[in-house]
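Before any comments, here is the structure.
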Amino acid sequence: MNTPALVARPASRPQPPVHPAPVWTVDAVLALFELPLPDLLFQAQASLRAHFDPNAVQRSTLLSIKTGNCSEDCGYCSQSKRHQTGLESQRLLSTEEVLAAAKAAKEQGAGRFCMGAAWRGPKEKDMAAVNEMVRAVKALGLETCVTLGILKDGQAEQLKEAGLDYYNHNLDTAPEYYGDVVTTHTYQDRLDTLHGVREAGLKVCSGGIVGMGETRQHRAGLIAKLASLDPPPESVPINNLVPIPGTPLAGSNPVDIFEFVRTIAAARITMPHSYVRLSAGREQMSEAEQALCFLAGANSMFYGDQLLTTSNPGVERDNALFEKLGLHGV
Ligand code: SAM
Ligand code: DTB
Ligand code: SF4
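Under numbering that gives the first Met the number 0, the first residue of the sequence shown carries the number 0, and numbering increases by one thereafter.
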């Protein structure tokens with residue numbers, strides 16, 4: 000019998016997995032939405048279990064580092080200066096203020112700290128302060144994420160250099176519905192920023208909002224667009240619209256919970272390697288509704304009592320929910 004010779008392998012660095020994006024058409028995603036709910040949930044669970052620990056939930060804590068007085072007219076947003084929402088504006092926080100919040104988030108168990116600014120995009124003079132915040136938060140051993148709006152050439156590279164892990168920039172809805180929600184920038188502006196973020200070597204966090212008066216076709220269009228980014232975003236936040244009095248979308252009909260769950264499941268199935276985040280809107284959901292979202296493949300959430308300008312279930316409530324469901328946070 001021949002004994003196989005032991006061959007020394009050349010030392011090689013582990014390579015990041017390459018997941019070429021299959022092209023998801025809107026019709027193919029619509030077909031998922033139209034499945035009977037048990038079939039859809041079964042597919043979503045199978046996909047989750049093939050790639051992730053199905054009982055682990057990634058937890059990110061949000062902080063608004065610059066609040067309100069935004070030039071843009073996004074119809075859902077409390078922070079646009081064009082909407083009378085009564086929100087109090089707040090200049091850019093200091094690094095010390097940000098660091099105190101990040102330390103508290105870490106102590107509570109968050110794995111990632113996300114800093115959001117109500118800007119169309121950062122001015123060059125803002126970048127030094129934001130870079131300093133990223134460096135300081137990263138040094139705590141937390142993953143870092145920022146959402147600053149549309150980036151100009153070179154800004155994503157600066158953030159990468161400062162130690163940023165993720166850039167959040169949502170497509171928010173289907174391309175053909177975006178103009179009904181926002182008129183001060185375009186869908187193409189959003190895609191261009193996502194492209195620049197990728198080119199700079201950052202991880203992408205991009206998702207959208209459900210419940211803005213869009214149709215099922217639009218929801219499928221959003222998911223198809225996200226899934227067809229090459230590669231797809233590593234993190235996909237699915238927000239349920241938080242209606243803000245004074246915004247144009249305040250009176251939107253709330254979307255049926257099963258339709259929201261279907262959107263999560265469609266994201267899970269079409270982006271099997273991504274974290275799908277059950278994002279804004281949990282405050283308005285029952286525990287059973289949130290549990291359905293986890294069954295549909297959500298494996299990430301915002302953790303902490305505050306989103307950007309609205310509230311989120313506090314850590315005690317979330318810890319109790321995890322205990323009841325047998326989930327663990329990461
Ligand atoms: N100004 C930056 C931008 O627009 O990209 C970053 C902050 S912006 C508030 C980040 C995201 O929060 C939006 O793209 C949207 O998906 C989400 N969002 C804002 N207001 C919301 C609301 N009322 N309900 C649900 N999601 C909301
Ligand atoms: C995302 O998709 N949702 C977060 C985060 N990315 C920046 C923001 C939710 C905001 C909800 C409304 C508010 O608190 O102002
Ligand atoms: Fe400004 Fe962002 Fe709100 Fe739009 S979503 S108004 S860009 S803060």
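C-beta atoms are modelled at their ideal positions from N, C-alpha and C, and glycine is treated no differently.
Comparing alpha-carbon positions, which option in the options lies nearest residue i?
i, options, result
"Gly178", "Val25, Thr309, Val329 and Cys73", "Cys73"
"Glu233", "Gln289, Ser299 and Ala117", "Ser299"
"Ser278", "Pro244, Ala99 and Phe293", "Phe293"
"Val241", "Cys76, Asn68, Ala199 and Glu106", "Cys76"
"Asp255", "Leu291, Thr309 and Ile149", "Leu291"
"Ala128", "Met114, Asp191, Thr84 and Ser70", "Met114"
"Asn238", "Leu324, Thr309 and Pro231", "Thr309"
"Asp152", "Phe301, Glu142 and Thr192", "Thr192"
"Gly207", "Thr214, Ala199, His168 and Pro230", "His168"
"Glu288", "Phe301, Ser273 and Leu320", "Leu320"
"Leu47", "Val314, Ala265, Arg316 and Glu315", "Ala265"
"Glu142", "Ala117, Gln157, Met126 and Lys105", "Lys105"
"Lys159", "Val180, Val196, Ala135 and Arg81", "Val196"
Using the Cα positions of residue i and residue j, report the straight-line distance between them to the nearest angstrom.
i, j, result
"Ala249", "Ile243", "5 Å"
"Lys137", "Tyr165", "12 Å"
"Val97", "Ile64", "7 Å"
"Thr2", "Glu258", "Bear in mind that the predicted position of Thr2 carries a pLDDT of just 46, short of 50, making it too unreliable to give a figure here."
"Leu201", "Arg58", "19 Å"
"Leu150", "Gly140", "26 Å"
"Lys124", "Ser285", "43 Å"
"Asp38", "Arg189", "34 Å"
"Ser356", "Phe32", "Outside the shown range of the chain, which is 0 to 329, sits residue 356, and nothing can be said about it."
"Leu147", "Thr94", "16 Å"
"Cys144", "Val133", "8 Å"
"Thr338", "Ala49", "What the structure shows of the chain is the stretch from 0 to 329, and residue 338 is not part of that stretch, so it cannot be assessed."
"Ala117", "Ser70", "9 Å"
"His272", "Gln216", "24 Å"
"Ser227", "Asp171", "15 Å"
Assuming residue i contacts residue j under a Cβ cut-off of 8 Å, what Cβ separation, rounded to an integer in Å, is found between them?
i, j, result
"Val275", "Arg267", "5 Å"
"Ser205", "Leu221", "So it is not a contact: roughly 10 Å between Cβ atoms."
"His184", "Arg119", "7 Å"
"Ala100", "Asn130", "In fact, because the Cβ distance is near 18 Å, the residues do not count as touching under 8 Å."
"Val56", "Val329", "7 Å"
"Thr60", "Gly303", "4 Å"
"Ser88", "Gly108", "Going by Cβ atoms, the distance from Ser88 to Gly108 rounds to 31 Å, so no, they are not a contact pair."
"Met270", "Val235", "6 Å"
"Gly296", "Ala43", "4 Å"
"Ala199", "Ala155", "4 Å"
State buried or exposed for residue i, treating a residue as buried only when at least 16 other CB atoms are found within 10 Å of its CB.
i, result
"Leu5", "Below a pLDDT of 50, predicted positions are generally treated as unreliable, and Leu5, at 47, falls in that range; no measurement from the model is reported."
"Val22", "exposed"
"Ser79", "buried"
"Thr262", "buried"
"His327", "exposed"
"Thr246", "buried"
"Ala219", "buried"
"Asn311", "buried"
"Glu322", "exposed"
"Arg90", "exposed"
"Pro9", "With a pLDDT of only 47 at Pro9, under the threshold of 50, the placement of this residue in the model should not be trusted; the figure read from the coordinates follows. When all chains shown are included, Pro9 counts as exposed."
"Glu213", "buried"
"Gln187", "exposed"
"Pro35", "exposed"
"Thr182", "exposed"
"Lys229", "For clarity, residue 229 is Asp in the given sequence; the question names Lys instead. Asp229 is exposed by the Cβ-count criterion."
Mind checking which residues open and close the alpha helix (DSSP H) that includes residue i?
i, result
"Glu160", "Gln154 to Ala161"
"Gln44", "Leu36 to His50"
"His136", "Strictly speaking, residue 136 in this sequence is Val, with His absent from that position. Taken as a continuous stretch (DSSP letters only), the alpha helix (DSSP H) holding Val136 covers Met126 to Ala138."
"Leu225", "Arg215 to Ala226"
"Asn54", "Segment: none, Asn54 is in no alpha helix (DSSP H) and carries neither H nor E."
"Lys102", "Thr94 to Gln107"
"Leu294", "Glu286 to Leu294"
"Arg111", "Arg111 -> not in any alpha helix (DSSP H); beta strand (DSSP E) instead, spanning Arg111 to Ala116."
"Ile263", "Ile256 to Thr269"
Which stretch, first to last residue, makes up the beta strand (DSSP E) that contains residue i?
i, result
"Thr143", "Glu142 to Thr146"
"Ile208", "Gly207 to Val209"
"Val22", "From DSSP, Val22 is part of no beta strand (DSSP E); its letter is neither H nor E."
For the ligand GDP, enumerate in chain order all residues having a CB closer than 6 Å to any of its heavy atoms.
The ligand content of the structure shown is limited to the ligand SAM, the ligand DTB and the ligand SF4, which means the ligand GDP is not among them.
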